[in-house]
Amino acid sequence: MDHDTELERLRSWSDAVAEITRMVNSDSGAGLLDLIAARTSELTGYDFCSVQLHDAEHQSLLIAGSFGLEPSYVEHVNTDRPIRLRPGDDYYDSPSSRAFRERHTIEVASVADAAFAPWRSIAEEQGYRSMVAVPMVVEGEVVGVLTCYSRRPGKLTRDERDAVELMAGQAGVAIHTAELRRRERQALARLEESNHALQRHQKVLERADRMHRQLMRVVLADQGLDNVVQALARVLRAPVAIEDASGTELVHADFLSRRAMPLPSDSDPAVATALDTVHARRQVTAVRPEKSDGEAGDDFWVGPVVIGNEVVARLWVRAPSQGLGPLERRAVERGGLVVAMEMLKRRTALEVELRLSRDVLTDLMLGEGAHRPADLLALAENLGHDLSGPHRVLVASLDTGRSGPREPEVSGRRMVSAALRATDGIRPKPLVGLRQDAGIMLLPTASTSIRSPREVAGRWRAELERLAPDSVATVVLAEPCADLGDYPAAFAVARGALRLATHGAAAGRVVDLTEFGLYTVLLRSSDPEPLLEFASTTLAPLRAHDERRGTDLLRTLRAYLEHGGRTSEVGAELMVHANTVLNRVARLESLLGVDLADPRARLEIQLALMVADVADTTGVANHSPHP
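Heads up: the sequence shown runs through residues 1 to 627, numbered per full-length UniProt numbering.
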């Protein structure tokens with residue numbers, strides 16, 4: 001080979017390597033493997049060339065780039081006759097797979113050789129008679145195989161072999177570099193996406209922070225829970241409602257023409273699952289409840305309102321116009337925090353007022369007003385109450401028998417909270433507190449409210465049952481107290497009437513002592529001894545009989561008097577036959593020594609029962625008859 005020919009050959013090699021390098025460094029890198037195959041064919045004199053790379057599982061070699069080969073040939077090899085790297089019984093060992101595994105050049109001088117039989121037919125169709133497979137090794141790893149095909153049979157010369165192996169080395173470096181570049185671009189893309197994500201997240205945080213500051217301004221301005229929820233509805237641009245952990249609505253705010261209420265029922269499985277998630281994971285959850293007709297209803301978001309480690313309420317957002325994205329989720333979470341702060345403020349203020357008012361009420365009910373009226377008036381005035389004028393005494397109870405026991409502090413907060421809501425706007429301010437498990441309200445008779453004392457009592461009872469839906473609330477309204485010394489007796493009478501009411505037909509009602517009849521007279525009796533002795537003497541034989549025999553004739557007597565002696569109605573109430581009632585009445589008349597058909601006798605027995613009821617509920621001991 002003369003000098004000029006050698007120089008031209010080197011220039012061709014240099015141009016080919018430069019072109020491949022430019023392709024590697026380009027952004028896309030598309031067509032690199034086809035370019036390697038084409039330049040290899042040009043520089044080595046082969047008619048066809050292919051670049052084969054292993055698949056993801058390292059099971060087969062696939063033709064990834066080629067020059068001169070028909071597309072049908074490439075598809076046939078890749079699909080129908082895959083080049084297995086480790087052939088089994090069903091596959092022959094190809095030159096390419098041997099070159100890959102053994103890491104050295106494999107020549108096929110003629111496709112007529114028996115070892116090439118599996119590929120002979122497609123080789124003849126493609127038109128090549130010999131081939132060579134050269135492994136592409138980079139940093140000790142085989143990245144693929146460079147395979148060249150010739151229409152002429154025969155072995156390579158030393159120079160031809162060197163040329164093909166040199167090109168395979170260059171191709172391997174190019175492929176490896178291209179892969180590194182691809183990974184680098186992917187890493188940069190991931191970093192760029194991460195940067196965009198961080199920027200988006202930062203914007204979410206900034207907007208959520210602005211929303212939070214808007215809400216906090218309302219909280220710090222001490223505008224109350226109603227205004228906090230209204231501000232939250234404006235921030236979220238959707239109706240908002242707050243309900244306590246038992247499902248009782250506390251406050252809601254509509255938005256434009258969309259209403260916040262009613263909230264979905266937890267009888268819907270989707271709603272129940274969402275509430276379980278809210279309480280268990282303390283996270284905002286999206287829920288789509290079903291309508292009564294089975295169709296999907298409005299979307300809701302629901303999130304927890306947490307104080308300490310307790311979910312005290314739930315925040316509902318109804319029919320939001322946008323999806324629950326990061327910003328909206330963060331806004332609802334921040335809203336829950338703000339609502340929790342406002343509720344904690346209310347709870348703390350309520351507990352402080354409850355503690356201080358308890359001191360005033362205790363002194364008042366123990367008669368301290370008669371001994372040091374100035375001190376008591378001053379103490380009440382410090383709490384914003386004026387006890388110098390007449391007040392009505394209201395006493396309330398909350399029977400949770402149907403819903404199980406509640407924590408005392410929870411019941412106390414609800415009792416006082418309901419009273420404050422019932423008296424909202426009334427001036428002078430009523431005094432509200434707790435004593436002996438009963439709620440107490442001292443309502444000024446000279447208040448500016450257009451609501452009557454009975455209406456206030458009714459609102460108190462309604463608020464109690466709203467806050468505790470499965471409970472029964474009863475409120476007793478006593479007569480006015482004009483002097484501080486009147487309160488102990490008024491409270492005792494109202495408390496006794498409350499006990500009577502909660503154990504009788506008046507439970508769950510407002511009881512005005514002016515309408516309580518003889519019971520009020522008995523409760524006010526300043527000298528109960530004669531009445532107690534009368535009741536005890538009259539009923540002693542009956543009580544002794546019931547205690548001795550384990551019977552309940554006293555119940556039969558009450559039913560008989562209540563139904564005016566109509567035995568069929570008495571039997572229906574007691575679930576016994578009318579004849580059984582007649583037999584029991586005869587026994588009652590024998591024990592009591594009276595004729596129950598005599599109106600005067602019935603009146604005396606009725607009076608004895610009423611006195612006994614009052615004695616039992618006020619804690620006055622029953623007296624035994626004198627011997």
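C-beta: ideal position from N, C-alpha, C; glycine also.
Scanning the segment 424-452 from its first residue to its last, the whole beta strand (DSSP E) runs of 3-plus residues come out as 431-435, 438-444. When the beta-carbon positions are compared, Asp399 and Val287 stay at least 8 Å from each other. Around the beta carbon of Leu188, fewer than 16 other beta carbons lie within 10 angstroms, which makes this residue exposed. At a cut-off of 4 residues, the continuous stretches assigned as alpha helix (DSSP H) that sit fully inside the segment 443-499 are 453-467. In the three-state reduction of the DSSP assignment, Arg372 falls in the coil class, being assigned neither a helical nor a strand state.
Two segments are said to touch when three or more pairs of C-beta atoms, one from each, lie closer than 8 Å; by this definition the segment 414-422 does not touch the segment 508-515. Rounded to whole angstroms, Arg372 and Leu498 show a C-alpha spacing of 29 Å. Secondary structure in the UniProt domain "GAF" (28-185): the alpha helix (DSSP H) runs of 4 residues or longer, each lying completely within the stretch, are 32-44, 71-79, 95-102, 117-126 in chain order. Gly144 counts as buried, since at least 16 other C-beta atoms from the protein chains shown sit within 10 angstroms of its C-beta. Annotation: Asp159 to Asp80 spans about 35 Å, alpha carbon to alpha carbon. Taken in chain order, the segment 198-233 contains no complete alpha helix (DSSP H) segment of 4 residues or longer. Boundaries of the alpha helix (DSSP H) harbouring Glu562: 553-562, taken from the DSSP string.
Burial is judged here by how many other beta carbons sit within 10 angstroms of a residue's own beta carbon; Val352 has fewer than 16 and is exposed.
Asp399 has Val472 as its beta-bridge partners, per DSSP. Apart from sequence neighbours up to five positions away, the residues of its chain that approach Ser388 with a beta-carbon distance below 7 Å are Leu377, ordered along the chain. Under the 10 Å beta carbon count, Arg392 is surrounded by 16 or more other beta carbons and is classified as buried.
Here Leu420 has Val432 as same chain residues with Cβ atoms under 7 Å from its own Cβ, once five neighbours each way along the sequence are excluded. In the three-state reduction of the DSSP assignment, Val594 falls in the coil class.
If the five residues before and after Asp254 are omitted, its C-beta is found closer than 6 Å to the C-beta atoms of Pro239, Ala260, all from its own chain and listed in chain order. Here Cys49 really is in contact with Gly68; their C-beta atoms are around 7 Å apart, less than 8 Å. Taking the C-beta atoms as reference points, Val594 is found no nearer than 8 Å to Ala586. Per DSSP, reduced to three states, the secondary structure at Arg237 is coil, with no helix or strand assignment.
Here the alpha carbons of Leu263 and Pro390 stand approximately 43 Å from one another.
If you ignore the 5 residues before and after Leu582, its C-beta comes within less than 8 Å of the C-beta of Thr567, all in its own chain and listed in chain order. The three-state reading of DSSP puts Ala501 in helix, counting H, G and I together.
With fewer than 16 other CB atoms across the displayed protein chains lying within 10 angstroms of its CB, His104 is exposed. Put simply, of Arg129, Ser246, Met211 the residue whose alpha carbon is nearest the alpha carbon of Asp470 is Ser246. Listed as beta-bridge partners of Ala286 by DSSP are Trp301. Residue range 326-365 is occupied by the alpha helix (DSSP H) that includes Arg355. Counting of Cβ neighbours within 10 angstroms places Glu328 among the buried residues, the total reaching 16 or more.
Distance from Gly564 to Leu596 at the Cβ level is roughly 11 Å; contact not present, criterion being Cβ atoms closer than 8 Å. The alpha-carbon of Thr474 is positioned some 28 Å away from that of Ala241. Contact between Tyr487 and Leu364 holds, with the beta-carbon distance rounding to 5 Å and staying under 8 Å.
The DSSP-derived three-state label of Asp512 is strand.
Taking Gln59 as reference, the option from Thr44, Asn78, Tyr46, Asp47 with the minimal CA-CA separation is Asn78. Look at Asp613 here: in three-state DSSP terms it is helix.
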